[in-house]
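> Please find one structure pasted underneath; my questions will follow.
In C-alpha cells:
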C-alpha cells in the first residue's frame, strides 16, 4: 500500500453526500435557493423560496411567514448538517423511489430492487431462529406459558424474564438493562474468553449503535480548545464518522492495508496519529473486528500490536465486535480485545476498553428489534456513574431487545429440549453465510478489473474495481465521485443497490463498493451475473 | 402566585442532583477526591484516589496507570456532567438498594418498596390491552396466524404489518418508521382533530423521549455566540432540562400558576422570555398538556393565548401531548395545539409545531416496548431532510414499538370481533385511573399542611406541603434541599419512593413531590395512609 501523506481529521476526506450532492435525495421535492442570511444574524435578510407543500395546501390564502421559518437550513445545528450516513444516503433513497415506480407499473430492465446496501439478513430471506422467537412471544403473551406446544426451556427463560420485569415487558427496566440479562451477558463473555466479566460493567442499548454513541458522547469535551480525536479505520462503518460529526469530535482516519487482506498496519496508525495531533487530542481508537465493510478478521498478534500502540499513546479502545459470530475462514478465529489485553498481562490488562455486541448480526439477524450491549473494562467508576446518569433520561432500552439478547447469551444447553434444533439452525445459517461469502468473492474476482479480498468474516465484501478515465470525466461533469456515479448507474440499470466506497472511505484514486453477502444463494448468483454484465457494458460505454 | 423576578436560564434553579449531592447515589461505592488537574491541561497533575474494584480484583500486582484514566471526571463531556434526570436520580437508586436489602432479609418498618416515582403502569399492576399483545405476538411468531383462537382483526393487522416489514419484524424499517404505521398515525390525528395530517411529516422513535431529543437537537446551533433558549414550564418533566443540558441549550423556566390549577399565565411567559434574552436566543416553547407533573389540562382559550404569544415572539412549539388519552376531569377535554392553531386561521395555522405521542402512557402503558412519534407541522422541508439524515445512522426505531403504535392508532372498528373487548378494557383502565386520581387528591388534601390541585389529567399529582423550620435546618446541615430531605426520609421510613419537587422545579420556598396515581386502589389507600402517618410524625419530630 502506498503511504500517501493524507491526514484525515474532522471531515478531511470527501463525503459521498457532499460529492454526490443531493442527487436522488428527493424527499419532499422542493425547490430552494440558499437564503441570503448572515450566519451571525438571527434575522432573515432575504426570503428563501422554500416551498412547503403542507402549508400551501392547507393555507393558500396566507403568505409571508411561511417563508421565514424559525428553524431553517441556516440556523440548524451545524454538526447535524455535517454528519452523513451513506448506508441510508442518496442511493437508498433512490432505490426506494425506484421500488415505488415499479409498484406503479414503470417499465425497467429489472423486476425488483435488490437491497445489498445494508446488513439486513431477514429482509434477504434468512429465517429467524425458532427458539428466540418462541421466548419472545411467551414474554409478550404470558398466557402462552400454558400452551403445551412450547418447549420447557423456552418457557423457563420467559418465566425468569417476566419475573425480572415484574410481570410485563411493558414495564420500564433499569436504564442499563435488566440485571438478569446483564448477568447472562457477563456469563456469555466469561465463557467466550475464559476471563471474568462483571455485569455492573455492562449496559444495554437499542442496538449496538445506541451503545456506541452513548460512550463516544462522553469524549465530546474540548481540551485546550481542541476536540478529542477518534481514530477510525478507512474504510469504516459510517456510524463512526456520523457520530464524530454529531458530537463535534475530530476524525482521524487510518488506512487499512488492502494489499494485505485489509490488515491493520501499526506504521500507518503511527502516521495518522502523529499528523492529527496539530488539530486534536487523540483519545480514542476504534477497531472493527471482524471488519465492516472489509470482512477482515484480525489475528492475535495484530491485536497485540494494536493494544501496545494504544497503550503507548494512551488511547481508549472501542472494540466493535458485533460480527464475532460471523467467521468464515477456517484458518482464523475471533479473539476479543478484552481477552488479548488480559492475557498480555500488566500494563495492558488495565487498559480502558469498550466492547460492543448486537442482536442484529451473527446468526440472529434481529435488526428490527434493536438490541445491543457494551462491556466497559477498566473504566473510571465516576465515569460509569455519569454514563448511567446520561442514559437515564431515555428511561430504558426496549425490553424486547433485551429479551432477545438474553436468549443470545443464554442459549439452550445440551440437556435442554431445544438444544439440537437451536444449534442446527445456528450452524446452517452460518454455513450458508460462509458459502455465499466465498461465492461472492469468487464471482467478483472473475469480473475484469475487479479485485476482492477474501471475506474472512462479517457480512460484506468490499471489492476494488477500475473505472475508465472517460467514466471519471462523466462523473465529474455530474459533480459526483466516480464510485457514486458507478453505483447510481448500477442501481438504475440493474436494480442492485450497493453503497459506494466513498461512503466508507478509501485511498484516493481507488474505487470500491460494499455489498452484503446476504441475498440467498440463487439470488446472489443472479445478482453477481447481472453485475458482471453491467460492468462489461459500462467498460464498453466509457472506453 | 407571587411574581418573583427569577430568571431561569441554563441551570438557573438548583438541581436536585446538586442540592442532594451524591447521597444515596451509591453506584459502585467509590472514594474519590477531585484530582488537582488544570482544566486546560491534558495531563493529570496529581493522582486521584479513585478505586476501581474491577482493576484491583483482576490485577492487584500492577499499579500506577489504573489511577490515570484516559477518560475521567475531569475531561468527560461537561454537558453530560451538567445534565440530571431526577426521575431516575438518587432517590430511585436508594430505593433499588433498599429493595435488595429487603431481599437479603433486612428488617425495615415496611415490607416492600412502592415505586411511585415513575409513570410505569404495568409495574403497578395495570393489565396490558389484550388486542395489542395479540397483534404483537402474531407479528413475532407468524405461525400463530394459523391458530384459530386469535381474532381475525388481530390477524389482519399482523398480516399487513408483516407484509410491510418484508415478512419479519427482524428487518430494519425506514428510519422514520414503517409507512403503513405512519399512515395510520396520520389517520388517527385526522380523526382526532378533523384536520388533515400528512404521514410524511411524521417520524417514529424509541419512545416519545427519543423523538423529542431528535427534534430538540436541531436547535443546538449557537447564533451570535448565544445558545438557543428553550422555554420550559416549572415544574417540568426533567427530560427537558436534561436534554437542554446535553445539547448546550439555555433553559428558560416559566412558572405555572399553582394557585390557578397550574394554568399557563401569559404575563409570566412574557416575563421569563424577556429576562432570558440577555443570555440566549429564545426559539423554542415547550408546553406539556396534559401536564406532567402537574396534571393540569389546558383549556382552549389558554392554548389560543399561548399560540399568539409564540407567534408574536417567533417560537417553535413543542407540544408534549403524550397524555392526550388521560383526561379525568369531566369538565375539560383535550385540545391539540395543532387543531387550535389550525382553527385560529392565518397566521397561526402556519406556525412551526412539533407534537409528540407515546405508547407508554394513555390506557396502553407499554413503557418497556418503547414507541413514540412526532408530527412536525409547517417545518421547513430542508429541515425535514436533515432530520431524516440525522436519525438515519441509528437505522430505525424498534419495529415492535412501531407495531404497538400501529394498534394504538388503528384500533378495532365497531364491526370487528375485538371491538367490544378492546373498548371495555380501554374504558375500564381510564376509569380506574380517574378514580385513583380523585382518591389521591382527596387523601392528600386531608393531610395537615398539604395542598393539592385537582388532577385533571396525566398520571401524577404534585402536592405542595409545608416543612417546619427545624426540618429545613436539618436538611441544610445535610447539604440537601428540604424536599429531597423529606423524600429520602419518607423512603427510608415507609418504602414509598416519590420524586422531590426540586427535580421538576418549583417556586423558591415552596416544597412539593410528584407521586404517580398508578398503584392499584387498595395499595394506593395504604400508601396514602402511610404517608399521612409519616407526615404527622415528621411534624412532631421537627416542631
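Chains as they are written, first to last, in the working numbering: chain A, 1 to 543; chain B, 1001 to 1543.
Glycine included, C-beta positions come from ideal geometry on N, C-alpha and C.
Only a predicted model underlies this, so the values are computations on that prediction, with no experimental measurement involved.
1. Are any of the Cβ atoms in chain B nearer than 8 Å to that of residue 408/A?
2. Checking contacts by CB at 8 Å: is residue 498/A closer than that to chain B?
3. Under the rule that 16 or more other beta-carbon atoms within 10 Å means buried, what is residue 1453/B, buried or exposed?
4. For chain B, find out if any of its Cβ atoms is closer than 8 Å to the Cβ of residue 70/A; answer yes or no.
5. Quick one: what does DSSP say residue 25/A is sitting in, helix, strand or coil?
6. Going along chain B in order, which residues have a C-beta closer than 7 Å to the C-beta of residue 314/A?
7. Could one say the Cβ of residue 1421/B lies closer than 8 Å to chain A's Cβ atoms, at least one of them?
8. In terms of residue numbering, what span does the alpha helix (DSSP H) encompassing residue 494/A cover?
9. Strictly below 9 Å CB to CB, what residues from chain B border residue 131/A?
10. Closer than 8 Å, CB to CB, is residue 1416/B near chain A or not?
11. Starting from residue 1282/B, follow the beta strand (DSSP E) in both directions and report where the run begins and ends.
12. Give the residues of chain A in contact with residue 1083/B, contact being defined as C-beta atoms less than 8 Å apart.
13. Whole angstroms are fine: how far does the CA of residue 1294/B sit from the CA of residue 1172/B?
14. Taking the alpha carbon of residue 1284/B as the reference point, which residue from 1254/B, 1263/B, 1318/B and 1420/B has its own alpha carbon closest?
15. Quick one: grab the DSSP three-state call for residue 61/A.
16. Alpha carbon to alpha carbon, how far is residue 1412/B from residue 1133/B? Give it in angstroms, no decimals.
17. At what residues does the beta strand (DSSP E) containing residue 1347/B begin and finish?
18. Hey, quick one: how far does the alpha helix (DSSP H) through residue 1382/B stretch, first residue to last?
19. Is there a Cβ from chain A that is less than 8 Å from the Cβ of residue 1046/B?
20. Grab the span of the alpha helix (DSSP H) containing residue 1229/B for me, first residue to last.
21. From residue 1577/B to residue 1161/B, what does the alpha carbon distance come to, in whole angstroms?
22. Would you say residue 1400/B reaches chain A, if we count a Cβ-Cβ gap shorter than 8 Å as a contact?
23. Measure from the C-beta of residue 1219/B to each C-beta in chain A and report whether the shortest distance is under 8 Å.
24. Please report the straight-line C-alpha distance between residue 1331/B and residue 392/A, rounded to a whole angstrom.
25. With a threshold of 16 other CB atoms inside 10 Å of the CB of residue 1147/B, please say whether the residue is buried or exposed.
26. What residues from chain A crowd round residue 1490/B, counting only those whose CB sits closer than 8 Å?
27. Between which residues of its own chain and residue 1520/B is the CB-CB distance below 6 Å, once the five residues before and five after are set aside?
28. Near residue 586/A, which residues of its chain fall below 7 Å by C-beta distance, leaving aside the five closest residues on each side in sequence?
29. Residues of the segment 183 to 199 of chain A in Cβ contact with chain B at a cutoff of 8 Å, in chain order, please.
30. Would DSSP call residue 501/A helix, strand or coil?
31. Classify residue 1541/B as buried or exposed, calling it buried when 16 or more other Cβ atoms lie within 10 Å of its own Cβ.
32. Determine the direct distance from the alpha carbon of residue 1383/B to that of residue 1169/B, and round the result to whole angstroms.
33. Which residues in chain B sit within 9 Å of residue 167/A, going by Cβ to Cβ distance?
34. Tell me the rounded alpha-carbon separation between residue 528/A and residue 110/A.
35. When the cut-off is 8 Å and only beta carbons count, does residue 1128/B lie next to chain A?
36. Please determine if the segment 1196 to 1213 of chain B and the segment 1249 to 1257 of chain B are in contact, where contact requires at least 3 C-beta pairs separated by less than 8 Å.
Working from what's here:
1. Within the first chain, the letter at position 408 stands for residue 408/A. Not an interface residue.
2. Taking the first residue of the first chain as position 1, residue 498/A is located at position 498. By this cut-off, residue 498/A is not an interface position.
3. As a first step, residue 1453/B must be located in the second chain, where it is residue number 453. With 16 or more Cβ atoms within 10 Å of its Cβ, residue 1453/B is classed as buried.
4. The residue labelled residue 70/A in the question sits at position 70 within the first chain. Interface residue, yes.
5. For the purposes of this step, residue 25/A is taken as residue 25 along the first chain, with counting starting at 1. Unreliable placement is indicated for residue 25/A, whose pLDDT of 27 sits below 50; no coordinate value is reported for it.
6. Taking the first residue of the first chain as 1, we reach residue 314/A at position 314. Result: 1070.
7. Numbered from its first residue, the second chain carries residue 1421/B at position 421. Chain A contact via Cβ: absent.
8. As a first step, residue 494/A must be located in the first chain, where it is residue number 494. Taken as a continuous stretch (DSSP letters only), the alpha helix (DSSP H) holding residue 494/A covers 482 to 494.
9. Counting from 1 along the first chain, the entry for residue 131/A is found at position 131. Simply none; closest approach about 11 Å.
10. Within the second chain, numbered from 1, the residue matching residue 1416/B stands at position 416. No, its Cβ sits nowhere closer than 8 Å to a Cβ of chain A.
11. For the purposes of this step, residue 1282/B is identified with residue 282 of the second chain, where counting begins at 1. 1281 to 1288 is the extent of the beta strand (DSSP E) around residue 1282/B.
12. In the second chain, residue 1083/B corresponds to position 83, counting from 1. Within chain A, the residues near residue 1083/B are 389, 390 and 393.
13. Taking the second chain and counting its residues from 1, one reaches residue 1172/B at position 172. Taking the second chain and counting its residues from 1, one reaches residue 1294/B at position 294. Whole-angstrom Cα-Cα distance: 38 Å.
14. Mapped onto the second chain, residue 1284/B falls at position 284. It is 1318/B whose Cα lies nearest to the Cα of residue 1284/B.
15. Taking the first chain and counting its residues from 1, the one referred to as residue 61/A is at position 61. Bear in mind that a pLDDT of 33 at residue 61/A, under 50, signals an unreliable position, so the model cannot answer this.
16. Your numbering for residue 1133/B matches position 133 in the second chain. Your numbering for residue 1412/B matches position 412 in the second chain. Distance between the alpha carbons of residue 1133/B and residue 1412/B: 13 Å.
17. Here residue 1347/B is taken as the residue at index 347 of the second chain, counted from 1. Per DSSP, residue 1347/B belongs to no beta strand (DSSP E) and is neither H nor E.
18. As a first step, residue 1382/B must be located in the second chain, where it is residue number 382. Run containing residue 1382/B: 1381 to 1392, per the alpha helix (DSSP H) assignment.
19. Against the second chain, residue 1046/B aligns to sequence position 46. With a pLDDT of 29 at residue 1046/B, under the threshold of 50, the modelled position of that residue is not reliable, and the figure given next carries that caveat. Not one chain A Cβ lies under 8 Å of residue 1046/B.
20. Your numbering for residue 1229/B matches position 229 in the second chain. For residue 1229/B, no alpha helix (DSSP H) segment is defined; the enclosing uninterrupted segment is the beta strand (DSSP E) at 1228 to 1234.
21. The first residue shown for chain B is 1001 and the last is 1543, placing residue 1577/B beyond what the model contains.
22. Reading the second chain from its first residue, position 400 is the one you call residue 1400/B. Chain A contact via Cβ: present.
23. For the purposes of this step, residue 1219/B is taken as the residue at position 219 of the second chain. At least one CB atom of chain A sits nearer than 8 Å to the CB of residue 1219/B.
24. What you label residue 1331/B is simply residue 331 of the second chain in a count that begins at 1. What you label residue 392/A is simply residue 392 of the first chain in a count that begins at 1. The alpha-carbon atoms of residue 1331/B and residue 392/A are separated by roughly 36 Å.
25. Locating residue 1147/B in the second chain gives position 147, counting from the first residue. Residue 1147/B should be labelled exposed.
26. Within the second chain, the letter at position 490 stands for residue 1490/B. Here the premise fails: no neighbours, minimum Cβ distance about 21 Å.
27. Here residue 1520/B corresponds to residue number 520 of the second chain, with the count starting at 1. The answer, listed in chain order, is 1125.
28. The structure shown does not extend to residue 586/A, since chain A is modelled only from 1 through 543, so no value can be given for it.
29. Interface annotation for the segment 183 to 199 of chain A against chain B: 196 and 198, criterion Cβ-Cβ distance under 8 Å.
30. Counted from its first residue, the first chain places residue 501/A at position 501. If DSSP states are grouped into helix, strand and coil, residue 501/A belongs with the helices.
31. In the second chain, residue 1541/B corresponds to position 541, counting from 1. Exposed.
32. What you label residue 1169/B is simply residue 169 of the second chain in a count that begins at 1. What you label residue 1383/B is simply residue 383 of the second chain in a count that begins at 1. The straight-line gap from Cα to Cα measures roughly 29 Å.
33. Position 167 of the first chain, counted from the first residue, corresponds to residue 167/A. Going along chain B in sequence order, the residues near residue 167/A (Cβ under 9 Å) are 1122, 1123 and 1125.
34. As a working note, residue 528/A is residue 528 in the first chain. As a working note, residue 110/A is residue 110 in the first chain. Using only the alpha carbons, I get a separation of about 14 Å.
35. Counted from its first residue, the second chain places residue 1128/B at position 128. Yes, contact with chain A.
36. no
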